Each structure stands twice: as structure tokens, then as C-alpha cells.
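Trainee: Counting from 11, one number per residue, gives the positions in the sequence shown under our numbering.
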Amino acid sequence: MDPATGMAEVAGITPETVTAWSRRSSQLRESAAGNLTLVDGENPSPAQLGAAQKATRAAKPEQLSFAELRAAWRADARGLGIDDAARWKAREARRKASCPALDRRRLAAAAEQIDKAAFTRADLVEIVGAQLPVDTEQSPRLLVEAAVDDMGIRLTAGRQPHQREGHELFTLDRILAEESRVLELVDAQDFSAALWVREGDMDALSPDQRRAVENIAASTWLVQPLSAPAGAGKTTSLRALAVMARRSHGARVFVLAPTGTAVDVALREGAGDVGYTIAEALHEIDRATLTLAPFDLVVVDEAAMVGTDDLRRLLKATTAAKVKTLLVGDAHQLAPVKARGGMFAQLCTDLPWAQQLSEVWRMRDTDERTASLALRDGGPAPVRRAVELG
């Protein structure tokens, strides 16, 4: 059994039997070669193999009962070859590798690797099923159901008859503890974190940008979220804040982002002095080769794509150094890749000092601008409004 997926294979089936019953690939190539013109020597293209698949797809015998299917399998000349020696060898290997009885600590450690903060019951069933003991007298289904009921913390109300199973969402106590540690860090405050604003610093900003930049500069909170859709002038606002930080304290302005491309773009547009990917910055901080000092300004671009644990590690370092950290992004952006996220959107919603840019300047056409924001916000009504405007 694959411990990652829970998928199992039957041990002891002879290679000859596998070959005899696995004829689909050869069937496709023979069909493509016999009915289509091959343009690349003897190898059919993926498109030709796709056409052959549709042309040779056998109808599933869904109308047959299980008894009829078993009779047909028994009558098939290909038969079923069993290698007893291989089967017993696999059985012994399985017994030696058998997992201990299910316990909550081991299951929680496995479930903690899930890359979503909120997930369906089926997601948790898949993880728990992969951890089942190989040999157990209890019903696997009962074991899995009991473990899932014990571990899963419900986030939504029970689904109604017209709703699908995926409507119900769950989480784990360890995930809640992880998010709680982030929330504890965002309350850090230091009165020296405020930046001096001089006349003329914000002349190039729109009223929307001016309000956000002025509030961020005056804020004494060390963790400062700034949410904005694409084209709202985030980079223009960051340039103004970088100028204030350098002049106020001679500070360094660090730009961090999930990807190197985002770091390069931000530096090229003048949003900071030094850039790192999130992974690089955390690695350098752990090795003590990147040191942060009071009055420095850390800008985290595309903050919505930063995983919860990485965000916790970063904020732990910045708040300990009394460094103001500006989390910049779009709360509607895609989630982190293979990591739990969602904290940026929560911080933008929950923190009273969070700032938001709402005016889009990249698009000049009013209807196009309104439609793009409606699509970003999602939901039936906004999407319908975007379609009508389009």
C-alpha cells in the first residue's frame, strides 16, 4: 500500500497475467497505425492516440450483474496466474512493515501535512485510510470513520439535502493552533515604528493611496496588512513608504515575495533596496546571516501566497527585532502552492488597522474596471454584473 495515497496493489499476480490483461496501450497504437496517417515515423502523436482511444473504447458492461461478470472472467482464456512464492514474500514484507495500531498522535502528524486549512471529510478520510494497520481484526471502515470523527473539527453547519458533501468543511486542532500563533504575533506594537511624513511626500498619490500610505506611516503596529486588487497602485504606494523609511531612520527596506520574479519586479520598480524570496529570507534568518534592526522596513509582496507556517516564522523574527512588516497583496489571490494559507485574507478582515486600496488605475474604461473588480470579488451577483457590463 502506498502510504501517501492509500492505493493498494494485489501481490502475487504473475507478470504474464498482467501483460495478458493489459492490452489497451497496444490496442491504441495498432488502431492509430492502421487507420491514421503517421507523420512522425512509426510513433503516433498524442492527438492520434486520443482519436484511437475514442474509436476503440469498449462499452462498459454496466448492465451485467456481478455473477455474470464473474462467469465471464472465469471463461476468459487469459485466466489468472498466481505466484504463491511472490504472494507469501509480499505478505511477510507487509507484516514486517505493518503500522502499529491507530493512535491519535500518529494520525494527527500525518493529517498535519494537508495543504489546506479547511478541507472536506473526504480529504481527511483519504489521509487516515493511508495510515491503517495492514492486518487488523476491526473493520477498516469503522476504524477510519471513528478516527475522522475524533480528529476533525467542524467549521460549517451540516449540509442540507440539496448540498454536496464538499459543502461541509473541517480542520484540525493543530492547524488552529498554528493560526493562533500568527494572531498572537500581529498584536505587537512599537511607537518608534511610525514614519515621518513631510509635505510633498504624497503629492503623486491618489486620495485612496494617500489615505492608506498616511495611515501605514503613522501606525505603531508592527504587522501592517495592505490589500489591493491588481492595478490599484500598490507599487506607487510602496515607493512613497520606502522614501519615508529611508529618510526617517536611514532604514533598509527589504522586499520579500514567494517567487524570485516578484522580488525582481518589486526591486526594479523601486519598492525596496534588498530583495529575497520568502524561502531565502527564512533560511538566512535561521543561519543568522540576515539580521534585522529596529527601523528597518520589511515589505512582503504577494502576501496572500505565503504559507501560514512561513508567515509565522517571518513575523516571529520581525516582531522580535521590532521591525515594521508590511504585508501587501490581494486577499482574492490564489492560495499558496502546497502549503496552508488564508491568513492574509483573515488579517485584512480582522485587524482594524489593516488598509485597503479600492480604486483601479490600470484600466481607463469604467465598465472594464467595474467588470474586473466584479470578477475578482466572485459570487453569482458580481459575476452576473461583470457579464452584463462585458
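We put the beta carbon where it would ideally sit given N, CA and C, even for glycine.
These numbers come from a predicted model, not from an experiment.
Run the CB neighbour count on V20, radius 10 Å, all protein chains shown included, and call it buried at 16 or more, exposed below.
Mentor: Exposed.
Trainee: Would you report the Cα separation of R116 and T245, rounded to the nearest angstrom?
Mentor: In a straight line, the C-alpha of R116 is about 45 Å away from that of T245.
Trainee: Round the Cβ separation of L165 and L179 to the nearest angstrom and send it over; I've been treating them as touching at under 8 Å.
Mentor: Going by Cβ atoms, the distance from L165 to L179 rounds to 5 Å, so yes, they are a contact pair.
Trainee: Considering only residues of the segment 252–310, which uninterrupted alpha helix (DSSP H) runs meet the minimum length of 4 residues and lie entirely inside it, listed in chain order?
Mentor: 270–278, 288–296, all fully within the segment 252–310.
Trainee: CB-CB under 8 Å to E224, same chain, minus the five flanking residues each way: which ones, in chain order?
Mentor: Hits under 8 Å: V207, M212.
Trainee: Which one of T329, A128, A291, L251 has the shortest CA to CA distance from R184?
Mentor: For R184, the nearest C-alpha among the options comes from A128.
Trainee: Excluding five sequence neighbours on each side, which residues of the same chain lie with their C-beta closer than 8 Å to the C-beta of D160?
Mentor: Correct list, in chain order: R114.
Trainee: Rounded to whole angstroms, what's the CA-CA distance from I288 to M315? Just pull it up for me.
Mentor: I288 and M315: Cα-Cα distance of roughly 10 Å.
Trainee: For D319, which residues from the same chain have a beta carbon less than 8 Å from its beta carbon, with the 5 sequence-adjacent residues on both sides left out?
Mentor: Excluding positions up to five away in sequence, the list reads E188, A349, R350.
Trainee: Rounded C-beta distance between L251 and Q199? I'm assuming under 8 Å.
Mentor: Between Q199 and L251 the Cβ distance is about 18 Å, and since that is not below 8 Å, they are no contact.
Trainee: Could you please give me the residues that DSSP links to Q234 through a beta bridge?
Mentor: Answer by DSSP bridge pairing, in chain order: L336.
Trainee: With a threshold of 16 other CB atoms inside 10 Å of the CB of G243, please say whether the residue is buried or exposed.
Mentor: Label assigned to G243: buried.
Trainee: Who pairs with Q199 in a beta bridge, going by DSSP?
Mentor: W231.
Trainee: Is the separation between the beta-carbon of E423 and that of Y286 shorter than 8 Å?
Mentor: Since the first and last residues shown for the chain are 11 and 400, residue 423 lies out of range.
Trainee: From the DSSP output, in three-state form, read off T181 for me.
Mentor: Note: T181 maps to strand in three-state DSSP.
Trainee: Return the Cβ separation of R263 and R256 in integer angstroms, given the expectation that the two are a contact with Cβ distance under 8 Å.
Mentor: A small correction: the amino acid at residue 263 is Val; Arg does not occupy that position in the sequence shown. That belief holds up - the Cβ atoms of V263 and R256 are roughly 7 Å apart, short of 8 Å.
Trainee: Closer than 8 Å by C-beta to V154: which residues in its own chain qualify, once you throw out the five before and the five after it? Chain order, please.
Mentor: Excluding residues within five positions, the ones whose Cβ falls inside 8 Å are V135, V138, G139, L142.
Trainee: In this structure, does DSSP put I226 in helix, strand or coil?
Mentor: Three-state DSSP puts I226 in a helix.
Trainee: Output needed for R220: all residues of its chain with C-beta closer than 7 Å, excluding positions within five of it in sequence on either side, in chain order.
Mentor: Counting only Cβ-Cβ distances below 7 Å, and skipping sequence neighbours, we find M212.
Trainee: Comparing alpha-carbon positions, which option in G176, R80, A167, M254 lies nearest E209?
Mentor: The shortest Cα separation from E209 among G176, R80, A167, M254 belongs to M254.
Trainee: Check this for me: beta carbons of S237 and G339, under 8 Å apart or not?
Mentor: Yes, Cβ-Cβ distance for S237 and G339 is below 8 Å.
Trainee: Helix, strand or coil: how does DSSP classify R208 here?
Mentor: Three-state result, R208: coil.
Trainee: Go ahead and pull the three-state DSSP assignment for Q58.
Mentor: Correct three-state label for Q58: helix.
Trainee: Less than 8 Å separating the beta-carbons of A281 and V309?
Mentor: In this structure, V309 lies closer than 8 Å to A281 by Cβ.
Trainee: What's the call for V347, buried or exposed, on a 16-neighbour Cβ count within 10 Å?
Mentor: Per the 10 Å Cβ criterion, exposed.
Trainee: Who are the near neighbours of R249 in its chain, counting only those whose CB is closer than 8 Å to its CB and skipping five residues on each side?
Mentor: Hits under 8 Å: E279, G280, A281.
Trainee: Using a 10 Å radius around the Cβ and a threshold of 16 neighbouring Cβ atoms, would you call R151 buried or exposed?
Mentor: Per the 10 Å Cβ criterion, exposed.
Trainee: When you compare each of D283, L321, S247, T359 to A214 by their alpha carbons, which one comes out closest?
Mentor: Taking only the C-alpha atoms, the option nearest A214 is S247.
Trainee: To the nearest angstrom, report how far apart T130 and A261 are at their CA atoms.
Mentor: Taking the straight line joining both Cα atoms gives about 46 Å.
Trainee: Are there 16 or more other CB atoms within 10 angstroms of the CB of G270, so buried, or fewer, so exposed?
Mentor: The residue is exposed, with fewer than 16 neighbouring Cβ atoms inside 10 Å.
Trainee: CB-CB under 6 Å to G352, same chain, minus the five flanking residues each way: which ones, in chain order?
Mentor: Result list for G352: A127, in chain order.
Trainee: When the Cα of A291 is compared with those of R101, P239, A327, H259, which residue comes out closest?
Mentor: Taking only the C-alpha atoms, the option nearest A291 is A327.
Trainee: Just mark P25 as buried or exposed, buried being the case when its beta carbon has 16 or more other beta carbons within 10 Å.
Mentor: P25 comes out exposed.
Trainee: Is W363 near Q173, with beta carbons less than 8 Å apart?
Mentor: Contact flag unset, no.
Trainee: Excluding the five sequence neighbours on either side, which residues of its own chain have a C-beta within less than 6 Å of the C-beta of A358, listed in chain order?
Mentor: Here residue 358 is Cys; the residue named in the question, Ala, does not match the sequence. Answer for C358: P235, S237, A341, A364, listed in chain order.
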